Amino acid sequence: MRASLLFIPTLRDDPSEAEATSHRLLLRGGFIRATGAGLYTFLPLGWRVHQRVVQIIREEMDAIGGQEMLCPVLTPAELWQRTGRYEIPEVFRLEDRAGRPFVLPMTHEETFTFHARELRSYRELPQVLYHFSTKDRDEPRPRGGLLRVREFIMKDSYSFDRDEEGLERSFRLHERAYHRIFERCGLEFRAVQAESGMMGGSESVDFLAPAGAGENTLVTCGSCDYAADLEVARGLPAAPSLPELLDSPAEVETPGISTIEALAGFLGIDPAATAKAMPMVVAGSELVLLLVRGDDRLDEARAAAALGADVRPATEDEIRAGFGAEPGSIGPVGFTGPIVADETLRRGQYVAGANRTGHHLRGVEAGRDYTPRFAELREPRAGDTCARCGGALRFQVAIEIGHIFKLGTRYSRPLEALYTDEDGSERPLVMGSYGIGPGRIMAAAVEQRHDDAGIAWPPALAPYDVHVVAIGAAGPEAVGVAETVAGELERAGLRVLFDDRDRRPGEKFADADLIGCPLRVTVGKKTLEDGGMDVLARGTRAEERVPAIQAAQLLRSMLETLR
RNA sequence: CGGGACGUGGCGCAGCCUGGUAGCGCACCUGCUUUGGGAGCAGGGGGUCGCCGGUUCGAAUCCGGCCGUCCCGACCA
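Next comes the structure, spelled out in C-alpha cells:
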C-alpha cells in the first residue's frame, strides 16, 4: 500500500496527555486517537494490528471447537436484573424513548446464557460459543491509553457443560488456547491464580504480561515456577530482629510519637519489631482492631476477606471513643473489641501502642497479652521469600491480557438455562467464561517491544511486514525501482507499506522506526549502483545489503526467523 | 469519589503573578534551492485564549461557578 494514499498521522512530539509508553507510541505512530477519556478510535494502522490479534484469537478459538457468533451490545436490562448484575456501579444503563431500561454490557454472560436456554439435552453438550464485541464500562477512572478504557472490543467465549468435570475440560482447553494465543502474539506472559471479581464463580486464571505500565503486579519466584497476582500472592516476610523477651508488657513513655518510623527510631529498634494497629470499622458500625507488623502494609482486600465484610478506616473520633487514646498510641492490650492479627504476629513480642496517649508497651505477645484471631492481612512486598521454595520473590508491573473463569451455575440458575440429563432430571448448565482484550494485547506488545525511536512489533502483530522506503532524492529511477520491489514483495504474499511520499529521508526513517514494521527496505542511490536493497531488521537494527533477485523469498525467511 | 496538575492555531509550549486587544517552535500552503536519519531561504493561511457569569473604560490575565483532560489513590474481567 502506498503511504501517500494512507491516513497515518504520525506525531513528532509526545502528546502531553500520554504517560505510559504504549499510550505515547500508539498515539505518535498514528495507531489510535482519543475521542474522550477512555475512548479510542483505532486509526487504519491500529485497526490492522487489532485485526491481526483478532485473527489469531479466532483461529485458536476455532481450534478448540469454539463457534463464532455475534450478540447485540444494546441489551434489555431485564436479563441483568435477573442475575443481579444490574446493580454493579460500572454498568452503563440507559433507556429507550419509551423508558424501557437497557444495559451496555461489560461482558455478555447474560446474553449467551439467554441463548443457551435452547440447549435442552445433555446430548447437545458441551458447547463453546464466542464473539468479538464491544464492551462498555462506566469506569471510575480510565487510564494509560488502551490499558483501562470505557469502551473496547473483547473476545468473550462461554462454555456450557453438563457438570463440573465437563467444565474442567472446557476450562483447560481454553487455558491451553490462551497460552497459544499469547505465544503467537509474541508476548512474555504468565498465567496466575487470581481474584474472580465481579464475575463471580469459583476458579479463575489470569494472564499477566509484565510491562512498563499496568494495573496489576505479577509476583514470581526466582527459584521455582510460582507466579501469582499480588492480590492473592503469598510471601514470607523477612524475620525481624526481636529484642529480649519480657515476662509481661512494660510501658514506655513515647511523647509525641505516632508513626512506626518515629517509634522505631525513638526506641532504637527494628520497625519490624513493632505491631501496627489499624482500627477499622466493619459493616458500618463495629470497631475492629487489625494488627500487622510495623514494616508491613495492610491489604484492605485481604482484611475485608478475613472479616467477611467491607471495611473502612476508623475516624479519629471513633478511635478516641473506642481506645481512650489518640491515634498513634493505640494497641491491642486492653481493647475490648475483636482483634485480627496478621500471621506474622503469631510468635514473638512486639512494641505496640498502650492505649494511653504518648505511651507504648514493649514485649506485647499475642495469646498472652491479647487474644486475636489470626489471618493473612499483610500485602506481600519486595524482600519476601517464596512460600513454596524459599526463593526470592520478584514484583513486576503487569497488564492483565486475559482472564478465564469457572462460573458454575452462577448465571444458568437465575436465567433458567436448564438441560435434561440422561436420567431425565433437569439441571442448570455448568458454565465457564473466557475473556481477552485485543487492545490490551496491543498495549502489552508495545510495552514489551519498543526502543527510544518507536515500536518494534512482534512480526505476528505488525501492521505491515515490510516498510519499503524510497529515497526520492535519488531520482525517479530509485522511486521506480522501489515501487517494483514493493510490488514484487506484495505479489509474494507479504504485507507491504510503500513509503512513496515526497519527504526527506530522515522523516521517512523516523516514521518507519515509529511505526515499527519488522523489516525496512531502503532503495536509494547507494542501492541503485549494485542493484540491491538495504534491509533493516527493526528489532535488532541490523542492516544488510541484499540482492534484488529473490528478495521476496529472502525477506520471507527473515520474517520467519524474527518471530 | 479523595488528593494534585493542566486547559492559549493540528502538536508541544510561553504570555497570566503586575489587565491595554495574542506570541514562539514544529506541522500546514506557495516558490526556489536542497535530500541515506526529522533541511535552508522567501512569502502565506490558521486561534470564540475550555464554557458561563462577575469586576473593570478595557479581561487570555483578576473573582465565582461549571465542564473537560491527565497523574496518584480508592475502585476495577
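Using the numbering used here, the letters of the first sequence map in sequence onto residues -13 to 549.
No residue lacks a Cβ here, since even glycine has one placed at the ideal position from N, Cα and C.
Source: prediction; values computed, not measured.
Go through its chain and collect everything with a Cβ distance to residue i's Cβ below 7 Å, but skip five positions before and after it.
i, result
"T7", "G198, A199, V432, E433 and H436"
"E286", "V297"
"E237", "A340, H345 and L347"
"M55", "L115 and H117"
"L249", "T240, I243, T260, V337 and H346"
"F360", "A327, E329 and R332"
"F146", "A102, L105, L111, P112, Q113, L415 and M417"
"D407", "Y108, R148 and R413"
"M519", "V471, V507, T508, V509, T513, V532, A534 and A537"
Can you tell me whether residue i is helix, strand or coil according to DSSP?
i, result
"S119", "strand"
"M266", "strand"
"S315", "coil"
"E137", "strand"
"G310", "coil"
"E247", "helix"
"H345", "strand"
"M519", "strand"
"F175", "coil"
"I325", "strand"
"V89", "strand"
"L483", "strand"
"D215", "strand"
"M417", "strand"
"Y26", "strand"
Look at the Cβ atom of residue i, then the Cβ atom of residue j, and state whether they are nearer than 7 Å.
i, j, result
"R380", "G208", "yes"
"E95", "Y397", "yes"
"V465", "T508", "no"
"D192", "S227", "no"
"Y405", "L65", "no"
"V59", "L90", "yes"
"L401", "R68", "yes"
"T203", "L222", "no"
"A258", "R279", "yes"
"V326", "Y356", "no"
"R524", "A459", "no"
"L231", "R288", "no"
"G335", "G353", "The residue you asked about is not Gly; residue 335 is Gln in the sequence shown. No, the pair does not count as a contact, with Cβ atoms beyond the cut-off."
"G502", "G440", "yes"
"Y144", "F98", "yes"
"Y164", "R374", "no"
"I50", "L153", "no"
"G(-1)", "R10", "The residue asked about is misnamed: residue -1 is Asp in this sequence, not Gly. Not a contact, by the Cβ cut-off of 7 Å."
"M(-10)", "R487", "Note that residue -10 is Ser in the sequence shown, not Met. Yes."
Mind checking residue i: buried by the 16 CB within 10 Å criterion, or exposed?
i, result
"K511", "exposed"
"M417", "buried"
"Q539", "exposed"
"F157", "buried"
"D122", "buried"
"C372", "buried"
"A553", "In the structure as shown, the chain begins at -13 and stops at 549. Residue 553 is therefore absent and cannot be evaluated."
"D583", "No statement about residue 583 is possible, as the shown extent of the chain runs from -13 to 549 and does not include it."
"L80", "exposed"
"T322", "exposed"
"D409", "exposed"
Can you check which of these residues, the options, is closest to residue i by C-alpha distance?
i, options, result
"M264", "V274, G16 and L415", "V274"
"V452", "V521, P223 and I422", "V521"
"T513", "G130, L500, A534 and K262", "A534"
"D499", "I167, Y450 and D192", "Y450"
"V178", "I325, A384, R332 and A292", "A384"
"G130", "Y144, V35, E174 and E5", "E5"
"E386", "Q113, P1 and E201", "E201"
"R332", "A248, A225 and A403", "A225"
"T330", "R426, I305, G518 and R220", "R220"
"L475", "G461, E493, D488 and R506", "R506"
"F28", "Y164, L12 and D407", "L12"
"D516", "D370, E137, E125 and V467", "V467"
Counting only the same chain and skipping the five closest in sequence on each side, list residues whose C-beta sits under 8 Å from that of residue i.
i, result
"T395", "P414, L415, V416 and M417"
"D82", "F88"
"E304", "P265, V267 and L273"
Grab me the residues of residue i's own chain with a C-beta within less than 6 Å of its C-beta, minus the 5 sequence neighbours each way, in chain order.
i, result
"P491", "I457"
"G421", "M140, D142 and H389"
"A290", "D296 and V297"
"I427", "V39, C171 and I387"
"A430", "L173, A195, A197, I385 and I387"
"L478", "Residue 478 is actually Ala in this sequence, not Leu. Cβ neighbours of A478 beyond the five flanking positions: A538."
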